[in-house]
Ligand SMILES: [Zn+2]
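In full-length UniProt numbering, the protein residues as written are 1 to 121.
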């Protein structure tokens, strides 16, 4: 089944052999609300078969960590250069902290997903 991206001005579609990843909108109410707000379409009521492509995530894929910049998609045709830069910086910080936590302070903690969340509080 073909998937097409729901983001404004995005023409990405899934096709055989395509590297592009697609994600369903989250089911969890709060996260779903954040995603819908981020996608920012007028009078838009996404159904269950609504997809967004990886291009709208700074790292190219979604994250389930609320502190990760890709917890919510952030790159769209209407996103300003400043906001894009901010998103990339956010990801760099996140990766740096995750790396430090994993390799210096709490070895192995990244895999369990526990400790990274505390650093941005
Ligand atoms: Zn897209």
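Backbone N, C-alpha and C fix where the C-beta goes; we use that ideal spot for every residue, glycine too.
Pull up the CB-CB distance for residue i and residue j, whole angstroms please, since I reckon it's below 8 Å.
| i | j | result |
| --- | --- | --- |
| residue 56 | residue 76 | 6 Å |
Taking 8 Å as the limit between beta carbons, can you name the residues of its chain near residue i, skipping five residues before and five after?
| i | result |
| --- | --- |
| residue 58 | 69, 70, 74, 75, 87, 88, 90 and 91 |
| residue 83 | 74 |
| residue 119 | In this prediction, residue 119 has a pLDDT of 45, which is less than 50 and means its spatial position is unreliable; nothing more can be read from the coordinates. |
| residue 40 | 8, 76 and 78 |
Cutting at 7 Å between CB atoms, please list the residues of its own chain near residue i, excluding the five before and the five after it.
| i | result |
| --- | --- |
| residue 112 | With a pLDDT of only 49 at residue 112, under the threshold of 50, the placement of this residue in the model should not be trusted; the figure read from the coordinates follows. If we look at residue 112 and ignore the five residues flanking it on each side, it has no Cβ neighbours. |
| residue 6 | 39, 46, 50, 51 and 52 |
| residue 14 | 2, 3, 20 and 22 |
Which residues end up in the neighbourhood of ligand 1 when you take C-beta atoms closer than 5 Å to any of its heavy atoms?
5, 7, 10, 12, 53 and 55
Contained beta strand (DSSP E) runs [length at least 3] in the stretch 27-71, N- to C-terminal order:
51-53
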